[in-house]
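Trainee: For the sequence shown, counting from 1, position 145 maps to 1353 in the numbering used here; every step adds exactly one.
C-beta atoms are modelled at their ideal positions from N, C-alpha and C, and glycine is treated no differently.
One structure, pasted below without further comment.
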Amino acid sequence: MSKPAQIDTCQRFLFSQSDVRGEIVRLNKSYLDTVSNHAYPEGVRHLLGEFLAASVLLGSAIKYEGRLVLQVRGDGELSLIMSECTSEGAIRGIARFDSPPKSSEFTTLTGDGVLVITVDSRKHEPYQGIVSLEGGSLSAALQTYFDQSEQLPSWFIFAVDGEQACGFMLQQLPGSSQQDDDDRDDAWQHLVMLAQTLTTSELLQLDNEALLHRLYHQEQVELFEPRTFHYQCSCSRERTARALISIGKEEVDSIVAEHGAVNIACEFCGTEYQFDAAEVSMLMQERGNVLH
Ligand SMILES: [Zn+2]
């Protein structure tokens, strides 16, 4: 099997004779860029890959213009795991922990808690969906989310290795070509049953055409143009300055008194932003003006 050609892409497909669509995401460089600045243990690297692939799949399933954030609030070995995908195709993600987790098991890493899906839309009110982490995997939590919140039966599988983070999704669409509920249900069950035969190594190694042929050579499948994704951090000097202001004058002043400047590194990409004493005093003055 040759390496897939479609990397850092998400590609939609549609079953012409039933109301079901799908997406295949394949991240390579964007995944490696996300994890390269961090000394993540293997299990954390793997789960972050799943989160990145999932935020791209969700971004294609939920219409928005802005930023989609997928995040766990739990009590497991990770104090935070989150990924983001913008409507322009920029992705980033991070995992945080006190002591490096040894586990690669979903429930041990995330603990009891919830999966939070936030959409920061430029045009509409922010939206937040929350679903329990029961089910023992990210794909199970996402399936529950779409069943409960969107009433759109969905099916997910993820596969991550040292090079790639991949995901595959099937989703039922509101009825148009099939009106009869039993027919719709039968078609959905049939397509999911075939998808369940897909192995993680096939998902990593087959290109999209070969993968769809392998699963659905007896169906009529329409494959759309792939959309591309890239790693990009949204941090900036201006945003960091705003974070600095929120720390509080006394604390910032004491750092400046001791070190002559304040250095803040972006937790996502590691970029360092330095503010010298004059800049800090100007920022604090602006803050004073805002407060009064
Ligand atoms: Zn950054």
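(1) Are there any heavy atoms of ligand 1 lying less than 7 angstroms away from the beta-carbon of Thr1479, as far as the coordinates show?
(2) Measuring only from the beta carbon, is Cys1443 closer than 7 angstroms to any heavy atom that is part of ligand 1?
(3) For a test of the three-state rule: what should DSSP assign to Gln1397, helix, strand or coil?
(4) Looking at Asp1227: is its Cβ nearer than 8 angstroms to the Cβ of Ser1384?
(5) Report all residues from its chain with a CB closer than 6 angstroms to the CB of Ser1416; omit the five preceding and five following residues, and keep chain order.
(6) Establish whether the CB of Arg1234 and some CB of chain C are separated by less than 8 angstroms.
(7) Flag this pair as yes or no: are the beta carbons of Ala1261 and Cys1441 separated by less than 8 angstroms?
(8) Ligand 1 and Cys1507: does any heavy atom of the ligand fall closer than 7 angstroms to the residue's C-beta?
(9) Compute every distance between the C-beta of Cys1474 and the non-hydrogen atoms of ligand 1, then say whether any falls below 7 angstroms.
(10) Along the chain, where does the beta strand (DSSP E) that runs through Phe1223 open and close?
(11) Can you find at least 3 beta carbon pairs, one from the segment 1296-1314 and one from the segment 1357-1370, that sit closer than 8 angstroms?
(12) Do the segment 1393-1406 and the segment 1443-1452 meet, that is, are 3 or more Cβ pairs less than 8 angstroms apart?
(13) Measure the alpha-carbon distance for Arg1287 versus Val1252 and round it to whole angstroms.
(14) Is it buried or exposed for Met1290, if we count other Cβ within 10 angstroms and need 16 for buried?
(15) For Phe1354, which of Thr1315, Ile1325 and Glu1487 has the nearest alpha-carbon?
(16) Using a 10 Å radius around the Cβ and a threshold of 16 neighbouring Cβ atoms, would you call Gly1478 buried or exposed?
(17) Which partner residues of Thr1326 appear in the DSSP bridge assignment?
(18) If you draw a straight line from the alpha carbon of Ser1224 to that of Ala1349, how long is it in whole angstroms?
(19) Suppose contacts are defined by Cβ-Cβ distances below 8 angstroms. Is Gln1482 in contact with Ala1469 by that definition?
(20) Have a look at Met1209 and Ile1472 and give me their C-alpha separation to the nearest angstrom.
(21) Quick one: Cα of Gln1493 to Cα of Lys1331, how far?
Mentor: Reading from the atomic positions:
(1) Sequence index remark: in the sequence shown, residue 1479 carries index 271 (1-based). Within 7 angstroms of the C-beta of Thr1479 there is at least one heavy atom belonging to ligand 1.
(2) Numbered from its first residue, the sequence shown carries residue 1443 at position 235. Checking the Cβ of Cys1443 against ligand 1 gives yes.
(3) Residue 1397 sits at position 189 when you count from the first residue of the sequence shown. Reduced to three states, the DSSP call for Gln1397 is helix.
(4) In the sequence shown, the residue the question calls residue 1227 occupies position 19. In the sequence shown, the residue the question calls residue 1384 occupies position 176. In contact: Asp1227 and Ser1384 (Cβ atoms closer than 8 angstroms).
(5) Here residue 1416 corresponds to residue number 208 of the sequence shown, with the count starting at 1. The sequence shown places Asn at residue 1416, rather than the Ser named in the question. Within the same chain, and ignoring the five residues on either side of Asn1416 in sequence, the residues whose Cβ sits closer than 6 angstroms to its Cβ are Gln1214, Gln1219 and Ile1232.
(6) Protein chains in the displayed structure number just one, and chain C is not present.
(7) Within the sequence shown, numbered from 1, the residue matching residue 1261 stands at position 53. Within the sequence shown, numbered from 1, the residue matching residue 1441 stands at position 233. Result no, Cβ atoms of Ala1261 and Cys1441 do not sit closer than 8 angstroms.
(8) The structure shown does not extend to residue 1507, since the chain is modelled only from 1209 through 1500, so no value can be given for it.
(9) As a first step, residue 1474 is located in the sequence shown; it is residue number 266 there, counting from the start. Answer for Cys1474: yes, Cβ within range of ligand 1.
(10) By one-based count along the sequence shown, residue 1223 stands at place 15. DSSP places Phe1223 in the uninterrupted beta strand (DSSP E) bounded by Thr1217 to Phe1223.
(11) Using a Cβ-Cβ distance cut-off of 8 angstroms, the segment 1296-1314 and the segment 1357-1370 are not in contact, since fewer than three pairs of beta carbons, one from each stretch, lie closer than that value.
(12) No: fewer than three Cβ pairs fall under 8 angstroms.
(13) Counting from one through the sequence shown, the residue named residue 1287 turns up at place 79. Counting from one through the sequence shown, the residue named residue 1252 turns up at place 44. Per the sequence presented here, residue 1287 reads as Ser, with Arg not at that position. One C-alpha to the other measures close to 12 angstroms.
(14) Taking the sequence shown and counting its residues from 1, the one referred to as residue 1290 is at position 82. By the neighbour-count rule (16 or more Cβ atoms within 10 Å), Met1290 is buried.
(15) Position 146 of the sequence shown, counting from 1, holds the residue named residue 1354. Phe1354 has its Cα closest to that of Ile1325, out of Thr1315, Ile1325 and Glu1487.
(16) Walking along the sequence shown from the start, residue 1478 turns up at place 270. Gly1478 comes out exposed.
(17) Along the sequence shown, one-based indexing puts residue 1326 at 118. Paired residues: Val1277 and Gln1336.
(18) By one-based count along the sequence shown, residue 1224 stands at place 16. By one-based count along the sequence shown, residue 1349 stands at place 141. About 28 angstroms.
(19) In the sequence shown, residue 1482 corresponds to position 274, counting from 1. In the sequence shown, residue 1469 corresponds to position 261, counting from 1. Yes, they are a contact pair.
(20) On the sequence shown, residue 1209 is found 1 positions in, with the first residue counted as 1. On the sequence shown, residue 1472 is found 264 positions in, with the first residue counted as 1. Note on Met1209: pLDDT 49, under 50, position unreliable in the model; the coordinate value appears next. If you take the alpha carbons of Met1209 and Ile1472, they lie about 46 angstroms apart.
(21) Your numbering for residue 1493 matches position 285 in the sequence shown. Your numbering for residue 1331 matches position 123 in the sequence shown. Cα to Cα, the separation comes out at about 32 angstroms.
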